[in-house]
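Terminal number for the sequence shown in this note's numbering: 1057, no gaps in between. The beta-carbon is built from N, C-alpha and C at its ideal position, and this holds for glycine as well. See below for the structure under consideration.
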Amino acid sequence: MSEMNTFFHTTAQAVQEEDMTVSGCAAKRWTCPQLEEEYYSIEHTSGLRILVIPKQRSVSYAMLTVRFGAQDVCFREEDAASSKWQQLPDGIAHFMEHQMFTLADGRDVSELFSAIGADVNAWTSCDKTSYLFQTTEHEREALEILLRFVLSATF
């Protein structure tokens, strides 16, 4: 059973899966006839996994999730000469989540979202941190801000 079939099996018994390509990237499309919805999973060449669930709504949402959460308190650099593990302080993922909102010029990134009528938020779980926004217009601008502040941290 695929991950989407597993995820949606409680709401729909028949989820149809189809392999496809989106902008040169491997992708899958799941169709759920009972819910009359489609779900897309796109594997970007960088390794970023993009999930898209189109909805006919007046509000648009986007969320970017990284695999770094509360349980991630030690690491080992892959290319380091030493194989020693580096210990991070407890709470570092949540601290970094908050630091991400501070721009290089000291402003809070929420000001950029507010200027285009969007709301932004974030949360940290045990194994991931998510950054999300919602807006009724200017979706592309909001997505560009989200990608820029999460993928190009300045702290």
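{"Item": "Best match in 961, 1053 and 970 for proximity to residue 1019 [C-alpha to C-alpha]", "Value": "961"}
{"Item": "CB of residue 1036 within 8 Å of CB of residue 963, strictly", "Value": "yes"}
{"Item": "Helix, strand or coil at residue 1003 according to DSSP, with G and I counted as helix", "Value": "coil"}
{"Item": "Buried or exposed by the 16-neighbour rule on C-beta atoms within 10 Å, applied to residue 1038", "Value": "exposed"}
{"Item": "CB of residue 1016 within 8 Å of CB of residue 1003, strictly", "Value": "no"}
{"Item": "Exposure label - residue 1022; buried when at least 16 CB within 10 Å", "Value": "buried"}
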